[in-house]
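Take the sequence shown: its position 91, counted from the start at 1, is 517 in the numbering used here, and no numbers get skipped. Backbone N, C-alpha and C define an ideal beta-carbon position, used for all residues, glycine too. Note that this is a predicted model, so its numbers are computed, not measured. As structure tokens, the structure follows; a few thoughts come after it.
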Amino acid sequence: MCPSTPSNRPTVRMASALALLAALGLTTACGSGDKAESAPAAGHAAVTAALLVESAPATASASPSSSGSPTVPGDHQVSFVVNGTTTYGTLHIPQSSGSTKVPAALLLPGSGPTDRDGNQPPQLMPDTLADIAQLMGDDGIMTLRYDKYGTGQTGLGVHASDPGSLDLNSFVQQATAAYQFLAGQPGADPQKLLIAGHSEGALIALEVDRNAKPAPAGLALLEPQDERLLDLVTLQVDQQVDAAVSTGQLGPAEASTVKTAVTNGVTSIRAGSPADTTDLPGPIATVFQSLNANLAFARTDDAVYPPDVAAKVPSGTKVMVTCGTADTQVPCSTTDPLVNALTSAGTGGPGLVTLPDVTHLLQPAGSPATTNTLAPAAQQAIHTFDQLWH
């Protein structure tokens, strides 16, 4: 969660840049442009890269907490236990299920305090995952979405007394437990288990895929995080600063100061120290203050290069990667290494699906902040993926 009040002290010379970048909507982890996701909730801590590679399997003792049978069509409130924390979610059974086993998809949210529906209440309510669940349900696919650590009914669980104990591996284990819970549903077809991850959720989907049993038949990577976290932050800041320079709203010297401070901040975080935000204008300082507050988690996420994980997806897995041309958080220009890694791994299609004029939240470009409807192109892409399993 991003701090609400930056503690940096911008110089008088940088004051105009502060207002400018706020107006531009800095689309970094805590930015506002493209109704951006916020950085991971405060207290997300990290582990070494080795823990990401050699994580112990999560244990999931799970049971539905709905009042009716989990085979009845509709939404069911369910819960499962992972590493001592009860995780709460929604299991959606499609109308077409009947007595026949159906494809089943785990839905994973993006970064920050994003709940099972894809929302960060009360400010950001796009219903991204809730809409995807409805679409998939209409296509005869069972779905499970859940409140990850720090959100909704789940909260911090056993990490409440030490939020710093949370790391990226914690979220991977939680997602793995959710996948196991979904696979255990009586109506789920074990040959057609799927994972759909949005943004950072796509990275977690790739991590879960590495050791999941049974292996997922397909992955939908929706506007996926396709670079190291801090490389992506740097790219987003640079793009916004360059845009400000091109319009004459920011001077070259000021831009150079900001970029140098960002580079130094990234170097500090990767070395395990907080970034110095003194020379950063407010919106960018807020981003790095959030990263400082979640230093270990940020380092863990940043340690993962998504194409490296994608290269380990089993051959034959059907994968879709979406790229919205209006996505300012994960631009189409960064997608090729991830797609190439998947191709080299021998995965099947649909492959890369470009979504014209679609934002990071899978909404039409220029949508008002209150929009909670997926763009038609995004809906069609999801339908195309769904049809692979019928």
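When the Cα atoms are used, lysine 744 and leucine 608 turn out to be separated by approximately 19 Å. Bounds of any alpha helix (DSSP H) do not take in threonine 513; it lies within the beta strand (DSSP E) bounded by 511–519. Shown here for proline 740: same chain residues with a beta carbon closer than 7 Å to its own, the five before and five after excluded, namely Ala641 in chain order.
Of the candidates Gly566, Thr569 and Pro589, the residue whose Cα lies closest to the Cα of glycine 576 is Pro589. Every unbroken stretch of the alpha helix (DSSP H) spanning 4 or more residues and falling wholly within the region 648–725 is given here in chain order: 655–672, 678–696 and 708–719. If you look at methionine 746, you'll find it isn't in any alpha helix (DSSP H); it sits in the beta strand (DSSP E) that goes 744–750.
In this structure, the alpha-carbon of methionine 551 lies about 8 Å from that of threonine 797.
Straight-line spacing of the CA atoms in threonine 799 and valine 735 works out to 31 Å.
Your pair threonine 810 and proline 776 checks out as a contact, with CB atoms roughly 6 Å apart and the cut at 8 Å. Secondary structure of threonine 785 (DSSP, three-state): coil. Spanning the alpha carbons of glutamate 653 and cysteine 758 requires a straight line of approximately 12 Å. Exposure of asparagine 637 is indicated by the presence of fewer than 16 other C-beta atoms within 10 angstroms of its C-beta. The shortest C-alpha to C-alpha distance from threonine 769 to any of Val784, Met746, Ala531 and Gln755 is the one to Met746.
Residue pairing by DSSP places glycine 777 opposite Met746 in a beta bridge. Judged by DSSP in its simplified three-state form, arginine 542 adopts coil rather than helix or strand. CA-to-CA, the gap between proline 535 and alanine 681 works out to about 33 Å. Looking at the backbone, the Cα of threonine 748 and that of threonine 773 are separated by about 15 Å. A check of alpha carbon separations from proline 707 across Gly698, Thr693, Gly742 and Val663 identifies Val663 as the nearest. From the listed residues Gly510, Phe714, Ala719 and Ser537, the smallest Cα separation to glutamine 755 is found for Ser537. Distance from the CA of alanine 804 to the CA of glutamine 560, rounded to the nearest whole angstrom, comes to 13 Å. Methionine 568 has Ala530 as its beta-bridge partners, per DSSP. For histidine 624, DSSP records a beta bridge to Leu648.
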